[in-house]
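Numbering (our numbering), first residue to last: 16 to 212.
Structure (structure tokens):
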């Protein structure tokens, strides 16, 4: 299908600027033009990695509307305290504020998929939460916190911090209860923990 896309665009929208990039989206590190919006029907099995890769690599993206599997959309837009709030929620929140923008029925696709779809709209933060090293540290904390979701942060972060006692000390220094769980924390809380690492 992608092989026919360029000729279809040329036929149906002559004179319009269009560039087809035939590359693995997860390996794409440059674009021929600066883009400020991402509008995409992302491949469902890699939608979160592709979205996060684009936000990491292309600073010019200021907003976006992406179609993903409904379950993934709800996770991306989830807020702290929700049962579906997790790693995708925190990592997208590092870059942007996100919200569900609507549901898309499976009957409009052919062949009809076995999953429902939903749109997620995001707007990039005006001011980044930190530099690349802080992003990596924050993501490591989130990965550890949700790696053992039912445990308190004192236990869930023990391997990351070196011991339960070290995790507790870092949490207290960040102003966070060691008895809290990952799903209780905002992205800002994860940043504060990472700053103490």
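All residues carry an ideal CB built from backbone N, CA and C; glycine is no exception.
What is the rounded straight-line gap between the Cα of residue i and the Cα of residue j?
i: residue 30; j: residue 143; result: 37 Å
i: residue 55; j: residue 137; result: 12 Å
i: residue 67; j: residue 106; result: 7 Å
i: residue 149; j: residue 93; result: 22 Å
i: residue 65; j: residue 57; result: 8 Å
i: residue 170; j: residue 159; result: 10 Å
i: residue 128; j: residue 193; result: 43 Å
i: residue 186; j: residue 121; result: 44 Å
i: residue 123; j: residue 37; result: 26 Å
i: residue 226; j: residue 50; result: The shown model of the chain, from 16 to 212, leaves out residue 226, and the question about it has no answer.
Kindly give me the distance between the Cβ atoms of residue i and residue j, rounded to whole angstroms, as I take these residues to be in contact under 8 Å.
i: residue 81; j: residue 53; result: 7 Å
i: residue 91; j: residue 135; result: 5 Å
Name the one or two DSSP bridge partners that residue i has.
i: residue 110; result: For residue 110, which the question treats as bridged, DSSP gives no partner whatsoever.
i: residue 55; result: 81
i: residue 133; result: 83, 118
i: residue 139; result: 111
Count the other CB atoms, across all protein chains shown, that sit within 10 Å of the CB of residue i; report buried if there are 16 or more and exposed otherwise.
i: residue 35; result: exposed
i: residue 103; result: buried
i: residue 177; result: exposed
i: residue 20; result: exposed
i: residue 131; result: exposed
i: residue 79; result: buried
Between the region 108 to 124 and the region 158 to 174, can you find at least three pairs of beta-carbon atoms closer than 8 Å?
Segment contact: the region 158 to 174 against the region 108 to 124, fewer than three CB-CB distances shorter than 8 Å; contact not assigned.
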